[in-house]
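The sequence shown begins at 24 in our numbering and counts up by one. C-beta atoms are modelled at their ideal positions from N, C-alpha and C, and glycine is treated no differently. Read the structure below first, then the notes.
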Amino acid sequence: MARSVYRWLNPVGVVAVLLMNVLANLLPLGGKSTGEIADQFPVLVIPAGYVFLIWSLIYVLLIGFAIYQALPSQQDNPDVLGTDGLFLLTCLCNIGWLLLWHYGFINLSLPAMIALLASLVVLYRRVHADADEGDAAGFWLLQLPFRVYLAWICIATIENISIVLYNLGWDGFGIQPEAWAVFVLALGLAIAFAQATPYRDVAFLLVFLWAYIGIGVKQQAYPPVPMAAYFLSGLVALYALRLLLTGHGQEAAR
């Protein structure tokens, strides 16, 4: 499909996802909001409700991307061309996940989430393939939206997997839920560091910092979890600061 078509379909995709998310939580679809459904599962890696406000930032960034990629000056930009098709796929996966989640198909929501994650991983790499470090507009309107979006979907995938495992009745091999939660948080941190390092991505780290602090706030009834969440948050903050101070976070600092 030609760039001239995606140029206008991408904004439609953003609007469709935004409307579906609004309807899912205002109506709400299935009688419960997205967060209310998550709260039905005693999973210890779910953050406090305020953390999900990050979706507002994500949507603002995606609207910025939709406008940027439609500009006449960007029609031959190889990084913009790399988003064609894939961005619409992320929109479909997002909408599909919402429908499955809200209508009680919790286990089936996981493949939709994984498809969204995989699409964003490829998108992330494409928008960074020929990135010009001196292009501020390209950073704010093309790279940053997918840095924040991918980071949050990494967090959401961890939560989704944990909820599905609980829903399937998995007992964690008899290991205490608190211990599993700490392990999962540590694994998430490793993923964040592995992703942030080659791309000098401080924004990615800050999303994990936001989420981990929120997990600590939410899970106060299980002391090992907030202790681990706050400790790991400190490591994330220190590493992000190190990237900034050594100049490796300059793209995210612009």
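Output yes or no for whether 9 Å exceeds the beta carbon distance between Ala231 and Ala174. Counting from one through the sequence shown, the residue named residue 231 turns up at place 208. Counting from one through the sequence shown, the residue named residue 174 turns up at place 151. The question names Ala, yet the displayed sequence has Phe at residue 231. Yes, Cβ-Cβ distance for Phe231 and Ala174 is below 9 Å.
Taking the C-alpha atoms as reference points, what is the distance between Tyr262 and Arg149? Numbered from its first residue, the sequence shown carries residue 262 at position 239. Numbered from its first residue, the sequence shown carries residue 149 at position 126. Rounded to whole angstroms, Tyr262 to Arg149 spans 25 Å at the Cα level.
Express the C-alpha separation of Pro51 and Gln199 in angstroms, rounding to a whole number. In the sequence shown, residue 199 corresponds to position 176, counting from 1. In the sequence shown, residue 51 corresponds to position 28, counting from 1. About 34 Å.
In or out: Leu49 buried (at least 16 other Cβ within 10 Å) or exposed? By 1-based counting over the sequence shown, the position of residue 49 is 26. Leu49 comes out exposed.
Check whether the Cβ atoms of Cys116 and Leu139 lie closer than 9 Å to each other. Mapped onto the sequence shown, residue 116 falls at position 93. Mapped onto the sequence shown, residue 139 falls at position 116. For Cys116 and Leu139, yes; Cβs fall inside 9 Å.
Per-residue DSSP class, three states only, for Arg30: Against the sequence shown, residue 30 aligns to sequence position 7. Residue state, collapsed to three classes: helix.
Quick check: what's the CA-CA separation for Ala215 versus Leu258? Here residue 215 refers to the residue found at position 192 when the sequence shown is read from its first residue. Here residue 258 refers to the residue found at position 235 when the sequence shown is read from its first residue. Going by the C-alpha atoms only, they are around 11 Å apart.
With respect to the alpha helix (DSSP H) encompassing Phe169, which residues constitute its N-terminal and C-terminal limits? Taking the sequence shown and counting its residues from 1, one reaches residue 169 at position 146. Run containing Phe169: Leu167 to Asn190, per the alpha helix (DSSP H) assignment.
DSSP three-state label for Gln273, please. In the sequence shown, the residue the question calls residue 273 occupies position 250. A caution first: Gln273 carries a pLDDT of 46, below 50, which makes its placement in the model unreliable, though a value can still be read off. Gln273 falls in the helix class under three-state DSSP.
On the DSSP letters alone, give me the boundaries of the alpha helix (DSSP H) that Ser132 sits inside. The sequence position of residue 132 within the sequence shown is 109, counting from 1. It spans Ile129 to Ala152 - the alpha helix (DSSP H) in which Ser132 sits, taken as one unbroken run.
Can you tell me whether Tyr73 is helix, strand or coil according to DSSP? Counting from one through the sequence shown, the residue named residue 73 turns up at place 50. Helix, per DSSP.
State the start and end residues of the unbroken alpha helix (DSSP H) segment that holds Asp102. Within the sequence shown, numbered from 1, the residue matching residue 102 stands at position 79. First-last of the alpha helix (DSSP H) with Asp102: Pro101 to Leu104.
Assigned exposure category for Phe196 - 16 Cβ within 10 Å defines buried: Within the sequence shown, numbered from 1, the residue matching residue 196 stands at position 173. Under this definition Phe196 is an exposed residue.
Ends of the alpha helix (DSSP H) at Ile198? Taking the sequence shown and counting its residues from 1, the one referred to as residue 198 is at position 175. Counting along the chain, Ile198 falls outside any alpha helix (DSSP H), and DSSP gives it neither H nor E.
Do the region 173 to 191 and the region 94 to 110 touch if we need at least three Cβ pairs shorter than 8 Å? no
Would you be able to state if there are at least three C-beta pairs under 8 Å between the region 68 to 88 and the region 158 to 172? yes
For Phe64, the three-state DSSP class (helix, strand or coil): The residue labelled residue 64 in the question sits at position 41 within the sequence shown. If DSSP states are grouped into helix, strand and coil, Phe64 belongs with coil.
Rounded Cβ spacing between Thr106 and Gln92 (contact assumed at less than 8 Å): Position 83 of the sequence shown holds residue 106. Position 69 of the sequence shown holds residue 92. Between Gln92 and Thr106 the Cβ distance is about 6 Å, and since that is below 8 Å, they are a contact.
Give the C-beta separation of Tyr126 and Gly53 to the nearest angstrom, bearing in mind that I take them to be a contact with Cβ-Cβ under 8 Å. Taking the sequence shown and counting its residues from 1, the one referred to as residue 126 is at position 103. Taking the sequence shown and counting its residues from 1, the one referred to as residue 53 is at position 30. Their Cβ separation, rounded to whole angstroms, is 5 Å, which keeps Tyr126 and Gly53 in contact under 8 Å.
For Trp78, which three-state DSSP category applies? Against the sequence shown, residue 78 aligns to sequence position 55. In the structure shown, Trp78 sits in a helix (DSSP, three-state: H, G or I).
Please report the distance separating the alpha-carbon of Ala251 from that of Ala213. As a working note, residue 251 is residue 228 in the sequence shown. As a working note, residue 213 is residue 190 in the sequence shown. Using only the alpha carbons, I get a separation of about 14 Å.
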